[in-house]
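Novice: This note's numbering puts the first residue of the sequence shown at 85, with every later residue one more than the last. Note that beta-carbon positions come from the ideal geometry of N, C-alpha and C, so glycine has one too. On a predicted model such as this, the values are computed, not experimentally measured, just so you know.
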Amino acid sequence: MTADPYSVAPLRPSPYPHSVSVLEALDDHEDVGVGFGSAPEIPADLAAESTRDLRVLATLLYKELDTEAPPFGTYEDYLAVSEELDRRVTPAIRVMSDSRPMGLRDNTVRSRFELFDDGEVVGSIAYTLRSGRLTLRNTVLAPEYEEQDSAFALIRGTLLNAHRRRLAVVPYCPHIQTFLDAHPAFKPLVSSS
Numbered sequence: 085m086t087a088d089p090y091s092v093a094p095l096r097p098s099p100y101p102h103s104v105s106v107l108e109a110l111d112d113h114e115d116v117g118v119g120f121g122s123a124p125e126i127p128a129d130l131a132a133e134s135t136r137d138l139r140v141l142a143t144l145l146y147k148e149l150d151t152e153a154p155p156f157g158t159y160e161d162y163l164a165v166s167e168e169l170d171r172r173v174t175p176a177i178r179v180m181s182d183s184r185p186m187g188l189r190d191n192t193v194r195s196r197f198e199l200f201d202d203g204e205v206v207g208s209i210a211y212t213l214r215s216g217r218l219t220l221r222n223t224v225l226a227p228e229y230e231e232q233d234s235a236f237a238l239i240r241g242t243l244l245n246a247h248r249r250r251l252a253v254v255p256y257c258p259h260i261q262t263f264l265d266a267h268p269a270f271k272p273l274v275s276s277s
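Printed below as a string of structure tokens:
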């Protein structure tokens, strides 16, 4: 038995498990939500849909809007899907910006370590440096940052900076002494004398 020379080999399955081939989309356009001259089906509850599905839906709606005569209601559907996507993206951006690490620098001109958030000084530790001894005198933190972990970041960064520079730290400031009592793991970084 010989193989038919005019037969067509079957297409390979898609390497992407969630993708739909173009032929399947054209054959089953009602299932995919894409028709010829008809807008895709919009789910009743957009919040229940996955972000991926909403992005696909937004793309399909945009393609429908790009035609000469988009179906009635397509623009409103596109706006609804876009608003749902924006609603999901905004908290994600806020979480990312909230988790952004704050910057710490040693301002040698003013003899203080400064904690920065978005380019503004939000806290500082004044010090004196003599003969390899770093005396931490005073901690100041902006009122809106007192409830956050900003004090922890400021004191921790200062102690680690001094440790890297092999300086003997003398915690004269009561805030730093309280910090060391609450976080005994940092006590070895402080001078015992």
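1) For a test of the three-state rule: what should DSSP assign to residue 241, helix, strand or coil?
2) May I ask you to verify whether the stretch 224-238 touches the stretch 191-201, counting CB pairs closer than 8 angstroms and requiring at least 3?
3) Residue 299 to residue 205, Cα distance in whole Å?
4) Say whether the stretch 205-221 touches the stretch 162-170, bearing in mind that this needs 3 or more beta-carbon pairs closer than 8 angstroms, one atom from each stretch.
5) Please go through the same chain and pick out, in chain order, the residues whose beta-carbon is closer than 8 angstroms to the beta-carbon of residue 207, but skip the five residues on each side of it.
6) Looking at C-alpha atoms only, which residue of 165, 262, 131 and 271 is the closest neighbour of residue 246?
7) Run through the DSSP bridge pairs and tell me what residue 255 is partnered with.
8) Spatial neighbours of residue 275 within its chain, please: CB distance less than 8 angstroms, with the 5 preceding and 5 following residues excluded, ordered by chain position.
9) In the DSSP assignment, what are the bridge partners of residue 201?
10) Around the C-beta of residue 145, are 16 or more other C-beta atoms found within 10 angstroms, so that it is buried, or is it exposed?
11) So, are the CB atoms of residue 130 and residue 153 less than 9 angstroms apart?
12) Determine, using beta carbons only, whether residue 260 and residue 209 come nearer to each other than 9 angstroms.
Specialist: Result, derived from the coordinates:
1) Here residue 241 sits in helix by DSSP.
2) yes
3) Because residue 299 is not part of the residues shown, which for the chain are 85 to 277, the question remains open.
4) no
5) Excluding residues within five positions, the ones whose Cβ falls inside 8 angstroms are 198, 199, 223, 224, 225, 226, 229, 234, 235 and 238.
6) 271
7) 220
8) 217, 252, 253 and 254
9) 204
10) So residue 145 ends up on the buried side.
11) no
12) Going by C-beta atoms, residue 260 is nearer than 9 angstroms to residue 209.
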